[in-house]
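Undergrad:
2 protein chains.
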Amino acid sequence: MSRQTEEAGRTAPAAGASPAGRMAAEERRQQIVSVAMRLFSERGFRGTTTKEIARDAGVSEAIIFRHFATKEDLYHAIIDCKACRGGMADMQNPVAESVRVEVEDAMRRGDDRAVLSGIALSMMRHHHSDPDFLRLLLYSALEGHQLAQMFWDLNVRVLYEFLGSYIRERQRAGALREVDPTVVVRAFTGMVIHHSITSILWDTKRPLLVVSNEDAAREFTEIVLRGIEVGAGEREAAPKGRKGARPSTRRARKSNGQGRAGVKKS
Amino acid sequence: MSRQTEEAGRTAPAAGASPAGRMAAEERRQQIVSVAMRLFSERGFRGTTTKEIARDAGVSEAIIFRHFATKEDLYHAIIDCKACRGGMADMQNPVAESVRVEVEDAMRRGDDRAVLSGIALSMMRHHHSDPDFLRLLLYSALEGHQLAQMFWDLNVRVLYEFLGSYIRERQRAGALREVDPTVVVRAFTGMVIHHSITSILWDTKRPLLVVSNEDAAREFTEIVLRGIEVGAGEREAAPKGRKGARPSTRRARKSNGQGRAGVKKS
DNA sequence: CTCCGGTAAGTAAGTACTTACTTTTAATCA
DNA sequence: TGATTAAAAGTAAGTACTTACTTACCGGAG
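Respectively, the protein sequence lines represent chains A and B. Position 26, counted from 1, in the first sequence is what my numbering calls 42; the numbers after and before it change by one each time, with no gaps. Position 117, counted from 1, in the second sequence is what my numbering calls 133; the numbers after and before it change by one each time, with no gaps.
(1) So, does the CB of G126 of chain A fall closer than 7 Å to a CB anywhere in chain B?
(2) Listing by chain order, which chain B residues have their CB less than 7 Å from the CB of F236 of chain A?
(3) Less than 7 Å separating the beta-carbons of E159 of chain B and F61 of chain B?
(4) Beta carbon of A136 of chain B, beta carbon of V208 of chain B: below 7 Å?
(5) Give the residues of chain A in contact with T86 of chain B, contact being defined as C-beta atoms less than 7 Å apart.
(6) First and last residue of the alpha helix (DSSP H) that includes F167 of chain A?
(7) Do you know offhand how far E118 of chain A's Cα is from G134 of chain A's?
(8) Which residues of chain B have a Cβ atom closer than 8 Å to the Cβ of R173 of chain A, listed in chain order?
(9) At the level of alpha carbons, what is the spacing between L55 of chain B and R234 of chain A?
(10) I'd like the list of long-range same chain contacts for L132 of chain B, defined as Cβ closer than 7 Å, with 5 residues on each side in sequence excluded.
(11) Helix, strand or coil for E330 of chain B per DSSP?
(12) Between G51 of chain A and D72 of chain A, is the Cβ-Cβ spacing less than 7 Å?
(13) Determine, using beta carbons only, whether V199 of chain B comes closer than 7 Å to chain A.
(14) Could you check if T64 of chain A is buried or exposed, using at least 16 other CB atoms within 10 Å of its CB as the buried criterion?
(15) For E42 of chain A, count neighbouring Cβ atoms within 10 angstroms of its own Cβ and tell me buried if that reaches 16, exposed if not.
(16) With DSSP as the reference, label L192 of chain B as helix, strand or coil.
(17) Along chain A, in chain order, which residues have C-beta atoms closer than 7 Å to that of A157 of chain B?
(18) My guess is that I216 of chain A and H143 of chain A are in contact by the Cβ rule of under 8 Å, so how many angstroms apart are they, rounded?
(19) Would V201 of chain B and Y176 of chain B qualify as a contact pair, given that the criterion is a beta-carbon distance under 7 Å?
(20) What span of residues does the alpha helix (DSSP H) with R71 of chain B cover, start to end?
(21) Within 7 Å of any Cβ in chain B, is that where the Cβ of L154 of chain A sits?
(22) Label S212 of chain A either buried or exposed according to how many other C-beta atoms from any shown protein chain fall within 10 Å of its C-beta, with 16 as the threshold for buried.
(23) How big is the Cα-Cα spacing for D231 of chain B and M140 of chain B?
(24) Excluding five sequence neighbours on each side, which residues of the same chain lie with their C-beta closer than 6 Å to the C-beta of S57 of chain A?
(25) Under 7 Å Cβ to Cβ from E68 of chain A, same chain only, skipping five residues before and after it: list those, please.
(26) Out of B:S114, B:D127, B:L154, point me to the one whose CA is closest to S138 of chain B's CA.
(27) For A164 of chain B, which residues in chain A fall below 9 Å Cβ to Cβ?
(28) What is the DSSP secondary structure of E223 of chain B, reduced to helix, strand or coil?
(29) Do we get a CB-CB distance below 7 Å when we pair R188 of chain A with the residues of chain B?
(30) Would you call the CB atoms of I87 of chain B and T66 of chain B closer than 7 Å?
(31) Indicate the three-state DSSP secondary structure (helix, strand or coil) for T86 of chain A in the structure shown.
(32) From the beta carbon of H211 of chain B, is the nearest beta carbon of chain A less than 7 Å away?
(33) Nearest chain A C-beta to R62 of chain B closer than 7 Å, yes or no?
(34) Let me see if you follow: with CB-CB separation under 7 Å, is M207 of chain B close to chain A or not?
(35) Using C-beta distances below 8 Å, list every residue in its chain close to A157 of chain A, excluding the 5 sequence neighbours before and after it, in chain order.
(36) What residue range is occupied by the uninterrupted alpha helix (DSSP H) comprising I48 of chain B?
Structure (structure tokens):
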């Protein structure tokens with residue numbers, strides 16, 4: 017008993033503002049969702065108890081179940097609140113919208129560096145500003161909840177099509193060499209996402225690499241772009257590898273045409 | 017139930033006649049560890065019950081606690097069995113050893129492509145041959161268990177030093193441009209690990225990219241290497257970014273420690 | 001008064017872990 | 001050889017506690 021004194025101030029009848037006394041239903045609902053999201057992201061869905069959520073929200077456990085029929089329901093509320101947002105597909109988010117406009121503008125100019133680093137920076141900023149969401153997503157993927165699938169379809173697939181078709185276009189324009197665009201997208205997003213995950217999840221104490229988001233975005237962009245630009249000596253020639261390496265483009269295009277690599281039904 | 021007939025035939029120490037139920041202690045211990053590892057990797061440590069482990073091992077729950085004092089103990093047995101193995105640091109593993117020899121040989125020859133694709137291929141093969149371990153690691157990192165930290169220190173740190181110092185050496189030799197080697201390692205491992213995680217964890221149905229480990233290793237290697245090789249027109253010139261991009265090397269070299277000329281061997 | 005946000009005190013089904021007991025195995029000894 | 005014995009593999013049925021979820025009842029604002 018009286019365990020909630022620490023957090024909620026126990027409705028504190030004192031004249032001062034009671035921090036979490038009585039809330040309107042919708043307000044309380046929001047608060048529970050946000051507390052639950054934090055805890056799910058820390059301990060996973062299975063690893064979080066409704067009692068913990070209640071304690072952190074400063075209410076009794078029964079309140080949770082007044083607002084949400086089941087724990088699973090609470091999870092779905094989080095999805096509704098979060099799943100669709102946060103990626104390039106998020107039209108509602110004004111920040112993401114401005115990034116999209118900026119990136120699409122760079123696309124029109126053919127400024128590959130601005131395109132890639134714009135995307136990378138927007139992803140990294142999102143990851144770092146909302147690390148809980150990254151953890152939530154990872155847990156969701158491991159635990160097999162639908163948040164992961166939803167995020168994948170709503171954001172990742174969109175990004176692959178968006179970036180992939182841009183790369184294809186630039187290849188037709190002769191600016192980029194012939195590599196499977198899907199491989200390039202995977203490589204690029206791999207750098208970015210792995211960097212975020214690493215610095216948020218693993219590399220916290222004694223970090224191997226400390227770099228600002230801006231610098232990281234610039235470096236990654238530079239590596240990938242140099243990696244896929246047509247070289248000085250291969251402007252008009254057949255797309256061949258140099259320096260005695262295997263002509264790696266051949267294989268990739270083969271695996272592309274051979275089956276269902278990358279390109280979907282369209 | 018004859019659930020236990022599936023795994024681990026019989027005890028075999030004395031003349032046959034073991035009715036497939038009873039095992040020698042060490043054998044049973046091993047079996048429990050392997051069952052637990054599978055379940056932990058599927059549902060996480062918190063999400064797996066000792067009852068489930070017992071059922072899948074075909075014994076009663078009490079047997080688990082005869083072999084392992086606590087559930088946590090069982091987790092530590094998994095660490096002992098798995099944590100140190102599986103990376104470049106694993107000297108016991110003959111396969112990893114041969115890869116290491118191969119890669120070090122390529123390093124001596126200065127064959128950058130063989131170095132990078134050898135490392136990438138070995139990582140990817142390991143991920144795909146033991147996907148449980150990848151999931152276990154991710155769960156471990158999220159749940160804050162020490163397996164993650166141990167793996168990080170024993171494998172990731174080693175790889176960063178190993179690859180990083182090679183890149184630094186090749187930069188001194190004038191073969192690679194001046195980027196922070198740590199950034200390059202992060203970019204490269206990011207491609208590889210993200211690709212593994214993506215294809216194992218997320219991209220299972222309707223995959224965005226289907227590519228063999230060999231092709232992926234070659235493509236990633238090609239992108240990164242072209243990305244960090246000195247360009248045709250910048251052999252002797254000061255290392256500057258081109259195409260109007262910022263000179264991204266500035267920051268990176270600062271954190272690197274500004275390597276002097278001093279060519280080693282090639 | 002009467003909603004309605006809030007609580008205390010449940011419940012049944014888990015949870016990790018234990019106890020008390022039986023069966024199998026293999027070495028020992030009359 | 002074959003009965004004796006002790007240790008180890010195994011089990012059924014617990015214990016104390018936690019879990020998601022319920023029920024019955026407050027009390028202050030409109």
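All C-beta atoms in this analysis are idealised placements derived from N, C-alpha and C, irrespective of residue type, glycine included.
TA: In short, the structure shows the following:
(1) The count along the first sequence starts at 1 and reaches residue 126 of chain A at position 110. Cβ-Cβ to chain B under 7 Å: no for G126 of chain A.
(2) Position 220 of the first sequence holds residue 236 of chain A. In chain order: A203.
(3) The count along the second sequence starts at 1 and reaches residue 159 of chain B at position 143. The count along the second sequence starts at 1 and reaches residue 61 of chain B at position 45. Against a cut-off of 7 Å, the Cβ pair of F61 of chain B and E159 of chain B comes out as a contact.
(4) For the purposes of this step, residue 136 of chain B is taken as the residue at position 120 of the second sequence. For the purposes of this step, residue 208 of chain B is taken as the residue at position 192 of the second sequence. Contact: yes.
(5) The residue labelled residue 86 of chain B in the question sits at position 70 within the second sequence. Per Cβ cutoff of 7 Å: no residues; T86 of chain B is ~17 Å from chain A at best.
(6) Position 151 of the first sequence, counted from the start, is the residue given in the question as residue 167 of chain A. 162-167 is the extent of the alpha helix (DSSP H) around F167 of chain A.
(7) Your numbering for residue 118 of chain A matches position 102 in the first sequence. Your numbering for residue 134 of chain A matches position 118 in the first sequence. The alpha-carbon atoms of E118 of chain A and G134 of chain A are separated by roughly 8 Å.
(8) For the purposes of this step, residue 173 of chain A is taken as the residue at position 157 of the first sequence. Within chain B, the residues near R173 of chain A are L224.
(9) Your numbering for residue 55 of chain B matches position 39 in the second sequence. Your numbering for residue 234 of chain A matches position 218 in the first sequence. Whole-angstrom Cα-Cα distance: 41 Å.
(10) Your numbering for residue 132 of chain B matches position 116 in the second sequence. Correct list, in chain order: F204, T237, V240, L241.
(11) Limits of chain B in this structure are 17 at one end and 282 at the other, which puts residue 330 of chain B out of reach.
(12) Looking up residue 51 of chain A in the first sequence gives position 35. Looking up residue 72 of chain A in the first sequence gives position 56. One detail in the question is off: residue 51 of chain A reads as Val in this sequence, not Gly. Against a cut-off of 7 Å, the Cβ pair of D72 of chain A and V51 of chain A comes out as a contact.
(13) Taking the second sequence and counting its residues from 1, one reaches residue 199 of chain B at position 183. For V199 of chain B, the answer is yes, since a Cβ of chain A falls inside 7 Å of its Cβ.
(14) Along the first sequence, read from residue 1 onward, the residue named residue 64 of chain A stands at position 48. Buried, by the Cβ-count rule.
(15) Position 26 of the first sequence, counted from the start, is the residue given in the question as residue 42 of chain A. Exposed is the call here.
(16) Within the second sequence, numbered from 1, the residue matching residue 192 of chain B stands at position 176. L192 of chain B: strand per DSSP, three-state reduction.
(17) Walking along the second sequence from the start, residue 157 of chain B turns up at place 141. Chain A residues near A157 of chain B: L217, W218.
(18) The residue given as residue 216 of chain A occupies position 200 in the first sequence. The residue given as residue 143 of chain A occupies position 127 in the first sequence. Yes, I216 of chain A and H143 of chain A are in contact; Cβ-Cβ is about 7 Å, under 8 Å.
(19) As a first step, residue 201 of chain B must be located in the second sequence, where it is residue number 185. As a first step, residue 176 of chain B must be located in the second sequence, where it is residue number 160. Yes, Cβ-Cβ distance for V201 of chain B and Y176 of chain B is below 7 Å.
(20) Taking the second sequence and counting its residues from 1, one reaches residue 71 of chain B at position 55. Per DSSP, R71 of chain B belongs to the alpha helix (DSSP H) from 66-73.
(21) As a working mapping, residue 154 of chain A is identified with position 138 in the first sequence. So, interface residue.
(22) By one-based count along the first sequence, residue 212 of chain A stands at place 196. Burial call: buried.
(23) Within the second sequence, residue 231 of chain B is the residue found at index 215, counting from 1. Within the second sequence, residue 140 of chain B is the residue found at index 124, counting from 1. Taking the straight line from one Cα to the other gives about 11 Å.
(24) Start at 1 with the first residue of the first sequence, and residue 57 of chain A comes out as number 41. Cβ within range, chain order: D148, R151, L152.
(25) For the purposes of this step, residue 68 of chain A is taken as the residue at position 52 of the first sequence. Here the set comprises L55.
(26) Position 122 of the second sequence, counting from 1, holds the residue named residue 138 of chain B. The shortest C-alpha separation from S138 of chain B is found at B:S114.
(27) Here residue 164 of chain B corresponds to residue number 148 of the second sequence, with the count starting at 1. The answer, in chain order, is L217, W218.
(28) Against the second sequence, residue 223 of chain B aligns to sequence position 207. The sequence shown places Pro at residue 223 of chain B, rather than the Glu named in the question. It is coil, neither helix nor strand.
(29) Here residue 188 of chain A is taken as the residue at index 172 of the first sequence, counted from 1. Not one chain B Cβ lies under 7 Å of R188 of chain A.
(30) In the second sequence, residue 87 of chain B corresponds to position 71, counting from 1. In the second sequence, residue 66 of chain B corresponds to position 50, counting from 1. The sequence given here has Lys at residue 87 of chain B, not Ile. Going by C-beta atoms, K87 of chain B is nearer than 7 Å to T66 of chain B.
(31) Walking along the first sequence from the start, residue 86 of chain A turns up at place 70. Three-state result, T86 of chain A: coil.
(32) Residue numbering aside, residue 211 of chain B sits at position 195 when the second sequence is read from its first letter. It does; some Cβ of chain A falls within 7 Å.
(33) Mapped onto the second sequence, residue 62 of chain B falls at position 46. For R62 of chain B, the answer is yes, since a Cβ of chain A falls inside 7 Å of its Cβ.
(34) The residue given as residue 207 of chain B occupies position 191 in the second sequence. Taking Cβ atoms only, chain A reaches closer than 7 Å to M207 of chain B, which makes this a yes.
(35) Walking along the first sequence from the start, residue 157 of chain A turns up at place 141. A164.
(36) Looking up residue 48 of chain B in the second sequence gives position 32. It spans 41-63 - the alpha helix (DSSP H) in which I48 of chain B sits, taken as one unbroken run.
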